[in-house]
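Reading through the C-alpha cells given below for one structure.
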Amino acid sequence: MIETLTLALQISPIEAVLAPFYLILDLWYWLMVQLYRATGLELLDPSFRFMYRALLMGLCIGVMAPLIGTFLVHRQLALIGDALAHTAFAGVAVGLFLNAVIDLGVSPYLTAVIVAVIAALTIELISEATDAYNDVSMAIVLSTGFALGSTLISLNAGGLAVGIDQYLFGNLSTVSPSNAVVLLVLFTVIVSTVGVTRNQLLYVTFDETAAAVAGIPVRWYNRITVMLTAMVVVGAMQIMGVILVAAMLVVPVAGATQVSRSFTESIVVSILLAELAVVLGIGVAYYGGVTGGPAIVLVAVAIYVVAVAVGRVQTAVGDPESAETERIDPEDGTPRVE
Numbered sequence: 012m013i014e015t016l017t018l019a020l021q022i023s024p025i026e027a028v029l030a031p032f033y034l035i036l037d038l039w040y041w042l043m044v045q046l047y048r049a050t051g052l053e054l055l056d057p058s059f060r061f062m063y064r065a066l067l068m069g070l071c072i073g074v075m076a077p078l079i080g081t082f083l084v085h086r087q088l089a090l091i092g093d094a095l096a097h098t099a100f101a102g103v104a105v106g107l108f109l110n111a112v113i114d115l116g117v118s119p120y121l122t123a124v125i126v127a128v129i130a131a132l133t134i135e136l137i138s139e140a141t142d143a144y145n146d147v148s149m150a151i152v153l154s155t156g157f158a159l160g161s162t163l164i165s166l167n168a169g170g171l172a173v174g175i176d177q178y179l180f181g182n183l184s185t186v187s188p189s190n191a192v193v194l195l196v197l198f199t200v201i202v203s204t205v206g207v208t209r210n211q212l213l214y215v216t217f218d219e220t221a222a223a224v225a226g227i228p229v230r231w232y233n234r235i236t237v238m239l240t241a242m243v244v245v246g247a248m249q250i251m252g253v254i255l256v257a258a259m260l261v262v263p264v265a266g267a268t269q270v271s272r273s274f275t276e277s278i279v280v281s282i283l284l285a286e287l288a289v290v291l292g293i294g295v296a297y298y299g300g301v302t303g304g305p306a307i308v309l310v311a312v313a314i315y316v317v318a319v320a321v322g323r324v325q326t327a328v329g330d331p332e333s334a335e336t337e338r339i340d341p342e343d344g345t346p347r348v349e
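Start counting the sequence shown at 12; every next residue gets the next number (our numbering).
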C-alpha cells in the first residue's frame with residue numbers, strides 16, 4: 012500500500028492525465044493482435060506496431076475531420092484547413108528550432124497545436140477587426156505561417172536538420188506512441204466539445220443573425236470552431252502531411268452532401284466515407300509501397316466520384332424522400348436546419 016502511494020506521488024499531473032490514454036493504446040494493440048490471429052493479414056502482423064498506431068490515428072481522424080469539416084463546408088470555410096495546416100507547419104518548425112538551439116526537448120507536434128490555435132484565433136480576429144472577408148484573413152495567415160516555417164527551417168541554426176518530407180506528406184512509419192496518445196487526447200477534446208455545443212454550432216452555421224438575436228455569443232462559437240479545426244489539422248498532419256491534411260476536412264463531407272438529405276445524416280455519412288477512405292488508403296499504402304497520405308486522399312476522391320454518381324442516380328429516379336427535403340428556406344434564402 013505504501014509503495015503504491017509513493018509511486019502515485021511520483022507521477023506528474025501530466026503523466027496522470029495521459030495514463031488512461033496509454034491504457035487505451037495498449038488495449039488497441041491487444042485488439043489488433045486478436046484481429047491478426049483471426050484474419051492472418053500481413054498488415055496486422057504484431058511486429059508492425061507502427062501500423063497499429065497508424066490505423067488507430069487514421070480511424071480517429073476519420074471521425075474528427077468530417078465532424079468539424081461538415082460545419083466548415085456548410086459555412087463555405089473549406090479552405091481554412093489548408094491555412095491552418097501551413098501554420099501548423101510553422102509550429103513544427105518552431106519546435107524543431109527550439110530543440111536545436113536551446114535543447115528544450117518539446118515535441119514539435121505540441122508546438123504545432125499551440126501555433127495552429129493561435130493562427131485560428133488570428134484569422135477570426137483579423138476578420139472582426141478589419142471587416143475583411145474570411146478568405147483574405149486565411150490567405151494572410153497561410154502565407155505568414157508557411158513563410159515563418161520555411162525561414163526557421165532554412166536557418167539551420169544549432170545544427171538543425173529536418174526530415175521535411177514527413178511533415179509535408181506524412182509518414183505512417185513515424186507514428187510514435189506519444190504522438191498517438193496526443194491524438195487520442197485531441198480526439199476526446201474535439202468529440203466531447205462538439206457533443207456539448209452541437210446545437211449552438213448548428214444554429215451559428217446556418218444563421219448567424221438569428222443566433223445572435225437568440226442570445227448565442229456568435230463570435231465565441233466561431234472561435235471554438237476554428238480552434239477545433241486547428242486541433243484536427245495538427246492531429247491529422249502526421250499521417251496526411253501539411254499539403255494534404257485539408258482534404259480530409261472537405262472531400263468526405265463533399266461526398267456525403269451528394270447522397271444525404273439532412274445535416275445530421277451528412278455528418279454520419281461523411282464519417283463513414285472518411286473511415287472507408289482511411290482503411291483502404293492505408294491498405295493501398297502498405298501493400299503498394301506508396302506514401303500513406305496521398306493514398307488516403309486518392310481513395311477519398313474516388314469515393315467522392317462514386318457518391319456524385321449515386322447522387323445523380325437518386326435525382327434521376329426522383330427519390331421521393333429527397334424531393335420532400337427542402338434545403339433552402341424560400342422566404343429568406345437561408346438553409347433550413349433539419
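C-beta: ideal position from N, C-alpha, C; glycine also.
For clarity, every value in this text was computed on a predicted model and none was experimentally measured.
>> Beta-carbon within less than 7 Å of residue 131's beta-carbon, same chain only, minus the 5 sequence neighbours each way: which residues are those?
In response: 95, 237, 238, 240, 241
> Since residue 250 contacts residue 303 with CB under 8 Å, what's their CB separation in whole angstroms?
Replying inline: 6 Å
>> Looking only at its chain, what residues have a beta carbon closer than 7 Å to the beta carbon of residue 135, apart from the 5 residues adjacent to it on each side?
In response: 233, 234, 237
> Any idea if residue 7 is buried or exposed, counting beta-carbon neighbours within 10 angstroms, 16 or more meaning buried?
Replying inline: Since the first and last residues shown for the chain are 12 and 349, residue 7 lies out of range.
> Under a three-way DSSP split, which group does residue 138 fall into?
Replying inline: helix
>> Distance check for residue 34 and residue 150, CA to CA, integer angstroms please.
In response: 41 Å
> Exposed or buried, which one is residue 98 when buried takes at least 16 other CB atoms within 10 Å?
Replying inline: buried
> Sorted by chain position, which residues of the same chain lie with C-beta nearer than 8 Å to residue 29's C-beta, five sequence neighbours on each side aside?
Replying inline: 192, 196
>> To test your reading of the DSSP string, which unbroken alpha helix (DSSP H) runs of 4 or more residues are found completely within the stretch 248-301?
In response: 258-270, 274-299
> What are the boundary residues of the alpha helix (DSSP H) that residue 93 is part of?
Replying inline: 91-113
> Roughly how many angstroms lie between the CA atoms of residue 117 and residue 285, to the nearest whole one?
Replying inline: 31 Å
> Cβ of residue 274 versus every heavy atom of the ligand PLP: is any distance shorter than 6 Å?
Replying inline: Summarising the ligand content, the structure contains no ligands, and the ligand PLP is consequently not present.
> For residue 160 versus residue 82, is the C-beta distance shorter than 7 Å?
Replying inline: no
>> Give me the residue from 252, 213, 44, 129 with the minimum Cα distance to residue 156.
In response: 129
> Measuring CA to CA, which of 112, 140, 58, 102 is closest to residue 178?
Replying inline: 102
> Between the stretch 258-274 and the stretch 305-318, do at least 3 Cβ pairs fall closer than 8 Å?
Replying inline: yes
> Which of helix, strand or coil does DSSP assign to residue 86?
Replying inline: coil
> Out of 44, 323, 91, 75, which has the shortest C-alpha to C-alpha gap to residue 198?
Replying inline: 75
> Do the CB positions of residue 77 and residue 281 come within less than 7 Å of each other?
Replying inline: yes
> Where do the N-terminal and C-terminal ends of the alpha helix (DSSP H) with residue 203 fall, by residue?
Replying inline: 188-217
>> With H, G and I counted as helix, E and B as strand and the rest as coil, what does DSSP make of residue 158?
In response: helix
> So, residue 79 versus residue 243, is the Cβ gap smaller than 7 Å?
Replying inline: yes
> How close, in whole Å, do the beta carbons of residue 62 and residue 183 come, if the pair is a contact with beta carbons under 8 Å?
Replying inline: 7 Å
> Between which two residues does the alpha helix (DSSP H) containing residue 305 stretch?
Replying inline: 303-328
> If you count every other CB in all the chains shown that lies within 10 Å of the CB of residue 141, and 16 or more means buried, which is it?
Replying inline: exposed
> Would you call residue 343 buried or exposed, if buried means 16 or more other Cβ atoms sit within 10 Å of its Cβ?
Replying inline: Only weak support exists for where residue 343 lies, its pLDDT of 41 falling under 50; the value from the coordinates is given anyway. So residue 343 ends up on the exposed side.
> Just how far apart, CA to CA, sit residue 44 and residue 56?
Replying inline: 7 Å
>> Is the separation between the beta-carbon of residue 216 and that of residue 60 shorter than 7 Å?
In response: no
> How is residue 56 classed by DSSP in three states: helix, strand or coil?
Replying inline: coil
> On the three-state DSSP scale, how would you describe residue 225?
Replying inline: coil
>> So, at 7 Å on beta carbons, what are the nonlocal neighbours of residue 256 in its own chain, with the 5 sequence-adjacent residues on each side left out?
In response: 92, 96, 244, 247, 248
>> So, with DSSP's three-state summary, where would you put residue 29?
In response: helix
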